[in-house]
Structure formats: structure tokens, C-alpha cells
Amino acid sequence: MRPPAETAALSHALPLASGTGPARVAHVRFTSAADGDLRVDGAQPALDARRRALVAGPWTWLRQVHGSVVVTVDAPGAAAGSRADAAVTAVVGAPLAVHTADCAAVALVADGGDGAGGENGGLVAAVHAGWRGLAAGVVERAADALRDAGATGLRAVVGPCIHPCCYEFGVADLDRVAGRYGDGVRAVTTTGRHALDLPAAVGQALAAADADVVAPSPACTACGTPPFFSHRARGDTARQAMVVWIEAAFRERPSRVTGQQGASDRGPSGPLRSSKSGKQ
Ligand SMILES: [Zn+2]
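If you read the sequence shown in this note's numbering, its first letter stands for residue 54, the second for the next number, and so on.
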């Protein structure tokens, strides 16, 4: 039996470099139609159950408007419902979600940020990147927000989105995207029409943002497998989700074996900070 490589491409775990504390891992999960409709205005009990099946905890979701506003999330579930197209956080256990049918969902994962979000480094961002958002610079704005919080070494994971095979595009709009990201975004559909190469445009935006693409868009939402929701191809109102979150890889406290000097250095704030992180 063939291993489900196409499904594996929808789930990623990236280690985050940390300073002295426990290691952290960034998880990225893209859904397909098999995971059900995750649009934010769907029936709440079903939506809650579908979210829980992916990752527990209050999600930060966004009222996406194809713009370039980025919100900073300082607690699990904070800023949920914001009118924005990207969210960033350094908080462990704070899932960030964007929703798509043909647009690209992009996860940014970064080291650094020590002191900004807790005892250790690591930050993540969720970005909703359709052509309008790309033209508005949403990817670069999200990268800026991460770097403002101390991020280094940005890596990007790109989700399933509509590919040029299926993305017939008006010439005037194509010119606009090409004006920002170059003629490499011009393509043709399988039927020979003008098309936008959305994965190429996302790639150019990530290059401009100085982020390394560790996983490119794995499939076309209109014609790829496993089946995805596609507004363009099928008029679907249902949505995929991308959810990204930071998880502490090891729960126990870092050992301190430096003897008396280490103990005196710890000070009164040591146990307090440890108990705070232990609850997460
Ligand atoms: Zn296609």
C-alpha cells in the first residue's frame, strides 16, 4: 500500500532553537475536505469538534479581508475575530488559524525572540495570502512583525492553494501582481488561458521577506488530491484551515547542576517563572 505522502505534506513539525530552557516545536497543520468545513461562521458545535480534532485550546481566528493587517497574540485565543490577515505569537499553546478555499495559507516559523514571549525563543505566524493580500504585502508585513519581536531564521511552510493549471486570471490583475513580484507569476492554465502562478507569487513574497521555504505548496485545491474545498472550481463555501502553534517538547524543568553559584543566581523569580510555564 502506498504511504499517504499527500497527507503527510499537510502536517509539519519544526524544531525551534531555544536558549537555556526546554526545547520547543512549531506544529503546522493544513486540513483537506476530509477534515470537514472549518469556516468560522459555521455551526459552532461542529466547528468546535473539528477544531479539537486538530489541536485543543482556544484558537485565534481572523475576519480575513485580503489586506495586510497583522495582529499580535499574547495569550491563547487572544485577538480572535480581529479584522486581519495575519497573526503572530511567541506564546506556547496558542493556535493561530487562517482559512482558505483557494488562497494560500502560509506558516512562518522562527527562532529567537528570547524574553518576548516567555522564557525561551521561538515565534510563529499564520498568514492568509491570496493575490490581493500578496499585492498589499501581507507576507512581508507578517515577517516584519516577527522580526520586531526578535525573530531570526525565518522558515516558511506553504499550504495547498490554487495552482496555475486552474487559476485563470484577468490580464490587468496579472499585471498588478507581476508589477510587484515579477513576470515569473505569469502562467497559463491547462486550457491555455492567462493564469496567475499563486505559488510562485508566494515564493517571491517569501524571498522578499527573507524566509526560507522548507515546504512549498503541495497541491492544487481545484484539481489536486486529497480533495480540497475550492471556491473557484466548485463554488464551495466551505473552508480549509491552517493552524500553527508552538508546543513545549519537554515538560520538565531544565536541570540546574551548576552548584551553589547557580543556586544563588536563580533568585526569587526562578521558581515563579518555572511554575508559570508548567501550567501551559
Ligand atoms: Zn489545478
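Idealized CB from N, CA, C, for every residue including glycine.
Identity of the residues DSSP links to residue i by a beta bridge
i: I299; result: A79, V145
i: E221; result: A248
i: L45; result: Since the first residue shown for the chain is 54 and the last is 333, residue 45 is missing from the structure and cannot be characterised.
i: S135; result: L115
i: T153; result: Q293
i: S64; result: R82
Any non-hydrogen atom of ligand 1 closer than 6 Å to residue i Cβ
i: C156; result: no
i: H247; result: no
i: C214; result: no
i: A86; result: no
i: A275; result: yes
Residue i (DSSP reduced to helix, strand or coil)
i: T244; result: coil
i: R292; result: coil
i: L176; result: strand
i: V122; result: coil
i: R200; result: helix
i: R239; result: strand
i: D101; result: helix
i: D94; result: coil
i: A275; result: coil
i: A106; result: helix
CB of residue i within 7 Å of CB of residue j, strictly
i: V238; j: A248; result: no
i: A160; j: V267; result: no
i: V126; j: A140; result: yes
i: V211; j: A157; result: yes
i: A290; j: F281; result: A small correction: the amino acid at residue 290 is Thr; Ala does not occupy that position in the sequence shown. No.
Contact belief for residue i with residue j at Cβ below 8 Å, rounded distance in angstroms
i: D164; j: L69; result: 6 Å
i: V122; j: R136; result: 7 Å
i: A188; j: R233; result: 6 Å
i: G203; j: G166; result: 4 Å
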